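Report on the structure given below.
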Ligand SMILES: Cc1ncc(COP(=O)(O)O)c(C=O)c1O
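Residue numbers (the working numbering): 3 to 372.
What follows is the structure in structure tokens.
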């Protein structure tokens, strides 16, 4: 039996208690007309789409567009899913077996860990360390590796910390995985939005033939409503295993989503410039705010992805803090306990234009709570 998906459950239970959300990991969404206009396509074009089944792998043209943001990847290395969540599901259910050992670099998206555990794997954690700017301790990670370690799980750029793995650490991680024949399951759905994008490692699927990158359009592209995700790997056995599972799930993506996804990928530069501008501005506002409130919070300034993860320095349970903030008319905040019970942090989302307004409400509510 799968454990409760804590983030999703917390949203379902609490998000409506606050007047505004300051926690989401999504970007300001893009409308259909706005997306079509990026390629000069008239809205009437949607009327021509037949609502038929599409190919299980994803159409050749969509897979080709996805492959273009890689150097050594072709359309055949890509499988499209209904959401990256579905890609993660199909991947872990097919690639991990009872008796396997899995190392998860945490915090990470809960399904990456939960599904491996549900398969019967023994999952151990190697935490990202706040005192190391949310990087993992590779010596510790190395000490966890066993003869039966099947996979190392990582999410970079990371939700919630707003950091990405140091490229030197990535190189060591890849070497370690290859030496022990381990698959790296690399969730890169927050890619392409770092402050210094040139300092970021290439996708993991390019760095190692064994490894798998999962990604999609829900986060960095601001198009969660398309429900399109994918996995990319040159590891044929892993790819085929995931496709086998997909045939039991959604089977294929909607033709409307395929059509719009191709337009989105062809408009990647424009979308990325829009989203990076929103994030750069909000990251600056965020860092200035938390620096000005350093008696109450500490933060590693977010530089990648769409979120930040400040720590509350006051002696108040973090769930109670978040709920009292929204009860005082402040924004909805996501307590770090949904990522692990020991966090004294909360997640903030930086992808929306109303972030400065939400922060003002936060400041006012804070005066009542602390
Ligand atoms: C790190 C991470 N991976 C994957 C997903 C799933 O994305 P999708 O909406 O495409 O299923 C999320 C969604 O919040 C996420 O934060």
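For each residue, glycine too, the CB sits at the ideal point set by N, CA and C. Since the model is a prediction, treat every value here as computed from it, not as a measurement.
Close CB contacts of residue 77 within its chain, under the 7 Å cut and outside five residues either way in sequence, are with 62, 65, 66 and 69 (chain order). When the beta-carbon positions are compared, residue 225 and residue 32 come within less than 8 Å of each other. Scanning 142, 138, 214 and 364 for the CA closest to the CA of residue 324 turns up 364. Rounded to the nearest angstrom, the gap between the Cα atoms of residue 137 and residue 174 is 13 Å. Taking the Cβ of residue 189 as the reference point, at least one heavy atom of ligand 1 falls within a distance shorter than 7 Å. Burial check for residue 51: the Cβ neighbour count within 10 Å stays below 16, so the residue is exposed.
Within the model, the alpha-carbon separation for residue 12 versus residue 340 is close to 8 Å. Distance from the C-beta of residue 231 to the nearest heavy atom of ligand 1 is below 7 Å. For the options 25, 290, 153 and 86, the alpha carbon positioned closest to that of residue 99 is the one of 153. In the DSSP assignment, the residues bridged to residue 336 are 349.
Here residue 137 is bridged, per DSSP, to 131.
Remark: the C-beta of residue 259 is outside contact range of ligand 1, defined as less than 7 Å to any heavy atom.
Rounded to whole angstroms, the separation of the alpha carbons of residue 157 and residue 285 is 20 Å.
The three-state secondary structure of residue 258, taken from DSSP, is helix.
Around the CB of residue 355, fewer than 16 other CB atoms lie within 10 Å, so the residue is classed as exposed. Taken atom to atom, the span from the alpha-carbon of residue 144 to that of residue 266 is near 39 Å. Beta-bridge annotation (DSSP): residue 124 is paired with 103.
Boundaries of the alpha helix (DSSP H) around residue 362: 357–371. Of the candidates 183, 204 and 142, the residue whose Cα lies closest to the Cα of residue 159 is 204. Annotation for residue 180: 210 and 212 place their beta carbon closer than 8 Å to its own, counting only its chain and skipping 5 residues before and after.
Here residue 191 is not near residue 166, since their CB atoms are 8 Å or more apart. At a Cβ-Cβ threshold of 8 Å, residue 116 and residue 233 do not count as neighbours. Within the DSSP secondary-structure output, residue 83 pairs in a beta bridge with 231. Judged by DSSP in its simplified three-state form, residue 163 adopts coil rather than helix or strand.
The criterion of a C-beta distance shorter than 8 Å is not satisfied by residue 263 and residue 302. When C-beta atoms of the stretch 310–321 are compared with those of the stretch 342–359, three or more pairs fall below 8 Å, so the two segments count as touching. Here residue 333 is near residue 23, since their CB atoms are less than 8 Å apart.
Sixteen is the threshold: when 16 or more other Cβ atoms of the shown chains lie within 10 Å of the Cβ of residue 241, as they do, the residue is buried.
Here residue 87 is buried: its Cβ has 16 or more other Cβ atoms, across all protein chains shown, within 10 Å.
Between ligand 1 and the CB of residue 31, the shortest heavy atom gap is not smaller than 7 Å.
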